[in-house]
Amino acid sequence: MIYLYRLFATLLTLALAPLLVAWSLATGKKKRGLLHHFGLVPPLPEAEDKSAKTLWIYALSAGEVTAAVPVLQRIRQERPGLRIVVSVTTDSGYDAARRNLGFAEQIVFHPLDGWPFLALALDRIRPDLFVQVETGFWPGFLHMLKRRGVPALLFHGRISKKSIRRYKLLGPLVSETLNSFHTLCMQSRQGLKDALELNAEPSRLQVAGDTKYDALKTVSAEERRKLREALRLDPGRPVFVAGSTHEGEEAIVLDAYCQLKADYPRLTLILAPRRLERVPEVVSLVASIGLPVVKRSEIERRTPTDDPVILLDTMGELASVYAVGDVAFVGKSLVPPGGGHSLIEPASLGKAVLHGPYMEYNQALAEELGQHGVAFMTRDAGEMSAKIRELLGNPARREELSRKAQALIDSRKGASKRMAEIIFWILEEKPRP
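For the sequence shown, my numbering puts the final residue at 439, and the numbers step up evenly by one.
The following block contains the structure:
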């Protein structure tokens, strides 16, 4: 099955290559690193230490980069001679890698899954170990690694129920792909069960936890005070932060906000669309219902007594902004197909977290936080406004939720240390940790 896939993928990528180049030149998109997709990544320079090994880690997008950061930081600290190459697929992943993984020897875009492009990239990087974060499998690449004797490791692994249904349609190709990995490190026991359902070999599987817990940053009281000042939020003003929202969700959030304004006229909404290119669209939406709005990049226009919706149009600031909120909502969860972004960041900052019913990608975490009473599922604007009204009216309960959330998050830390040990074990053939 894998050979049929490789033939098909090679023919398809060769046919698409000139179209991708033409599209990029015509639209100006994907120009950055365009040649990387065809395997023309910069050759990795010869190391001064001829025995130095090379680790190639693939993180599809920004979320996967976030999961990789604490692991690679630990690896760099403990094995400074180990060379690190990071590949990504999306522009947001590339930007996140440049911001957070500048110590890596190279950051490139991942090659297409066709034979000539993969061979070129592998000849230039010559990895001793390939590590993939979460999902986004490239069967042809994994097969080529196996034929070249390069072990592959999956860490932070997870497979959604939707993906399981889709993968089952591909028959033995999926099990062949999973069993191309030397080791499959899943986030949870449920992830391990999901991999077994797709016929992954049990001997390759282990539960290593979620490294994103180790990547969380604290926000001090002084940092919160300064951020509130920067956002022109006067002391005592309640704040509702709606983060990583997608199309269709902003209208529901704004409806809930309008309902709340009757009881909390000083309530400020900070709205953070997941994709910054949607900012003009969301500005128009807010204005169309008669609410004043100001973008974060133009916040100096606002006075502390103004009551506009603040639209977050900056990169990398949402985690800190959650800290100034009293209640948070996390998007990609209110309207289908959804999937749900991670609730970890606001929960780690001690915030009561709301989410919608479509949390497939982060269902286990949502259920766990819900069982501990620190996350709440709301289906529509009415349920959302009712829950926020309840929380805003009970500061003592919010304080209790804050302590519970932080304790739960702290108890989940330590996965990055385990992952680094597994990487060293494979590279150095030490006893299994």
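Note that CB positions come from ideal geometry on N, CA and C, so glycine has one too.
Can you give me the start and stop residues for the alpha helix (DSSP H) that residue i sits inside?
i: THR16; result: 8–33
i: LEU198; result: 195–203
i: GLY345; result: Careful: GLY345 lies outside any alpha helix (DSSP H) and carries neither H nor E.
i: VAL315; result: No alpha helix (DSSP H) holds VAL315; the beta strand (DSSP E) holding it covers 315–317.
i: TRP431; result: 421–434
i: LEU128; result: 121–131
i: ILE305; result: Looking at the DSSP string, ILE305 is not in any alpha helix (DSSP H), and its letter there is neither H nor E.
i: SER250; result: Here SER250 belongs to no alpha helix (DSSP H); instead the beta strand (DSSP E) covers 245–251.
i: LEU179; result: 178–184
i: VAL75; result: 68–84
i: ALA381; result: No alpha helix (DSSP H) contains ALA381, which is instead part of the beta strand (DSSP E) from 381–383.
i: LEU266; result: 255–267
i: LEU340; result: Taken as a continuous stretch (DSSP letters only), LEU340 belongs to no alpha helix (DSSP H), as it is neither H nor E.
i: LEU148; result: 145–153
i: LEU414; result: 401–416
i: LEU190; result: Note, LEU190: premise wrong, no alpha helix (DSSP H); beta strand (DSSP E) at 189–192.
i: ARG38; result: From DSSP, ARG38 is part of no alpha helix (DSSP H); its letter is neither H nor E.
i: LYS223; result: LYS223 -> no alpha helix (DSSP H), and no H or E assigned at all.
Just to confirm, are residue i and residue j a CB contact at a threshold of 8 Å?
i: VAL225; j: SER326; result: yes
i: VAL77; j: SER422; result: yes
i: LYS338; j: GLY346; result: yes
i: SER93; j: PHE123; result: no
i: GLU256; j: LEU277; result: yes
i: THR274; j: ASP313; result: yes
i: ILE90; j: ARG82; result: yes
i: ARG210; j: LEU190; result: yes
i: THR19; j: LEU151; result: no
i: VAL359; j: ALA334; result: yes
i: VAL139; j: ALA68; result: no
i: ALA206; j: ASN185; result: yes
i: LEU317; j: LEU349; result: no
i: LEU297; j: VAL315; result: yes
i: LEU266; j: ILE394; result: yes
i: TRP121; j: THR16; result: yes
i: PRO49; j: ARG130; result: yes
i: LEU414; j: ARG404; result: no
i: ALA127; j: VAL27; result: no
Helix, strand or coil: which one does DSSP assign to residue i?
i: SER326; result: helix
i: ARG89; result: strand
i: VAL289; result: helix
i: SER166; result: coil
i: ARG438; result: Reliability fails at ARG438, whose pLDDT of 49 lies under 50, so the model's placement of it is uncertain and no value is given.
i: VAL299; result: strand
i: MET321; result: coil
i: PRO117; result: coil
i: VAL359; result: strand
i: PRO279; result: strand
i: LEU160; result: strand
i: THR95; result: coil
i: THR446; result: The chain is shown from 7 up to 439; residue 446 falls before or after that span and cannot be answered.
i: THR442; result: Residue 442 lies beyond the stretch modelled for the chain, which goes from 7 to 439, so this question has no answer here.
i: LEU107; result: coil
i: LEU469; result: Within the shown structure, residues of the chain are numbered from 7 to 439, placing residue 469 beyond reach of any answer.
How many whole angstroms separate the CB atoms of residue i and residue j, which I take to be in contact at a CB cut-off of 8 Å?
i: VAL336; j: LEU237; result: Not confirmed; about 20 Å, so no contact.
i: LEU66; j: GLY142; result: 4 Å
i: VAL180; j: LEU160; result: No, VAL180 and LEU160 are not in contact; Cβ-Cβ is about 13 Å, not under 8 Å.
i: THR60; j: PRO133; result: 5 Å
i: LEU88; j: ALA58; result: 7 Å
i: ARG12; j: HIS149; result: 6 Å
i: VAL137; j: LEU107; result: So it is not a contact: roughly 13 Å between Cβ atoms.
i: LEU433; j: LEU135; result: 5 Å
Go to residue i, then tell me how far its beta strand (DSSP E) extends in each direction, as first and last residue.
i: MET365; result: No beta strand (DSSP E) holds MET365; DSSP gives it neither H nor E.
i: LEU61; result: 60–64
i: VAL336; result: 333–336
i: LEU135; result: 135–139
Is it buried or exposed, residue i, if we count other Cβ atoms within 10 angstroms and call 16 or more buried?
i: ASN400; result: exposed
i: GLN112; result: buried
i: PRO24; result: exposed
i: GLY146; result: buried
i: ALA227; result: exposed
i: MET425; result: buried
i: THR309; result: exposed
i: PRO178; result: exposed
i: ILE295; result: exposed
i: MET321; result: exposed
i: ARG438; result: Confidence in ARG438 is poor, its pLDDT being 49 and thus under 50, which makes the residue's placement unreliable; the coordinate value appears in the next sentence. Counting Cβ neighbours within 10 Å, ARG438 comes out exposed, since fewer than 16 surround it.
i: GLU235; result: exposed
i: PHE44; result: buried
i: LYS5; result: Since the displayed the chain opens at 7 and closes at 439, residue 5 lies outside it and no answer follows.
i: ILE429; result: buried
i: PHE109; result: exposed
Are the C-beta atoms of residue i and some chain D residue less than 8 Å apart?
i: GLY87; result: The structure shown has no chain D; it contains just one protein chain.
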